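Structure first, then comments.
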Amino acid sequence: GRPGGAVGPVTYATRVLLSGVGIAIGVLSSLVFFFSYRAPGYRKTVVRENLRHAFPEYTDAQRQRTERDFYRYMSRLAAEIALSPLMPAAGFAHRVRFRNLELLSEVTGDFGSQALLLLIHQGNWEWMLHAAMYHLPVAVDPVYKPLHSAFWNRYMLRLRSRFGATPIALANSGRDIVR
141 GRPGGAVGPV
151 TYATRVLLSG
161 VGIAIGVLSS
171 LVFFFSYRAP
181 GYRKTVVREN
191 LRHAFPEYTD
201 AQRQRTERDF
211 YRYMSRLAAE
221 IALSPLMPAA
231 GFAHRVRFRN
241 LELLSEVTGD
251 FGSQALLLLI
261 HQGNWEWMLH
271 AAMYHLPVAV
281 DPVYKPLHSA
291 FWNRYMLRLR
301 SRFGATPIAL
311 ANSGRDIVR
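Here the sequence shown stands for residues 141 to 319, numbered as in this note's numbering.
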């Protein structure tokens, strides 16, 4: 490193940009939470009914806490996705870490053969895709379910392919995976 812990101008600029994005995510997620949970509410009846069926043993207070936590999580996720275009690839790599990539390298012959990875929607799966494109020396072709809105579907496809990924529609995934 540099004397006295000094950083170069690119590293400094990246840190400033990432801290700004982090602050923006916090502010935007608070606004989304307010309008989706506190103000008129987004699909509150559906969420409450689903929680009542999923957790019949919960008290009303437990279900209310779970509902609030769900809206906070979804608000944070929406803000992170909305602000993703502002973040460089290194930002995703900094925020999302992969463990045991050497195991994937081992089973694919140092990434020489293909592998099918199945992931769940745990955390921010959009950021996970961008970080994978940064960390892995191979192409990533995520399978997605097209959105009902043509506008949002195009937006998400552009976002998902930003760093070279090739999204595959669920209806076409079987044929593409077999190839």
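Heads up, the beta-carbon is just placed ideally off N, CA and C, and yes, glycines get one too. Quick caveat: nothing in here was measured; it's all calculated off a predicted structure.
Check SER253 in the structure and name its three-state DSSP category. Looking at SER253 - three-state DSSP - the assignment turns out to be coil, as it is neither helix nor strand.
Across the stretch 174-187 and the stretch 203-217, are there enough close Cβ pairs to call them in contact, namely three or more that are closer than 8 Å? Cβ pair count under 8 Å is three or more, so yes.
Counting only the same chain and skipping the five closest in sequence on each side, list residues whose C-beta sits under 7 Å from that of PHE323. The structure shown has nothing for residue 323, since the chain only spans 141 to 319.
Is the number of C-beta pairs between the stretch 239-249 and the stretch 218-229 that are closer than 8 Å three or more? Inter-segment contact for the stretch 239-249 and the stretch 218-229 is absent: fewer than three beta-carbon pairs are separated by less than 8 Å.
Rounded to a whole number of angstroms, what is the C-alpha to C-alpha distance between GLU197 and ARG205? Approximately 14 Å, taken between the alpha carbons.
How would you write the range of the alpha helix (DSSP H) that LEU226 sits in, first residue to last? Element bounds for LEU226: n/a, residue is neither H nor E.
Could you work out which residue in TYR177, SER176, GLU207 and THR199 is closest to ASN190 when comparing CA atoms only? Shortest Cα-Cα distance from ASN190 to any of TYR177, SER176, GLU207 and THR199 involves GLU207.
Entirely within the stretch 271-298 and at least 4 residues each: give me those alpha helix (DSSP H) ranges in chain order. Within the stretch 271-298, no alpha helix (DSSP H) run of at least 4 residues lies entirely inside it.
Got a sec? Which residues, its chain only, sit under 7 Å from SER215 by beta carbon, not counting five neighbours each side? Around SER215: SER169, VAL172, PHE173 and SER176.
Same chain only: Cβ atoms within 8 Å of TRP265, ignoring 5 sequence neighbours per side: Same-chain partners within the cutoff: LEU259.
Where do the N-terminal and C-terminal ends of the alpha helix (DSSP H) with THR185 fall, by residue? Residues 184-194.
Name the two residues that bound the continuous alpha helix (DSSP H) containing LEU259. In the DSSP assignment, LEU259 falls outside any alpha helix (DSSP H), carrying neither H nor E.
Does the CB of PHE238 have a neighbour CB from chain D at under 8 Å? Among the chains in the structure shown there is no chain D, since it carries only a single protein chain.
Run through the DSSP bridge pairs and tell me what ILE163 is partnered with. DSSP output for ILE163 lists no bridge partner at all.
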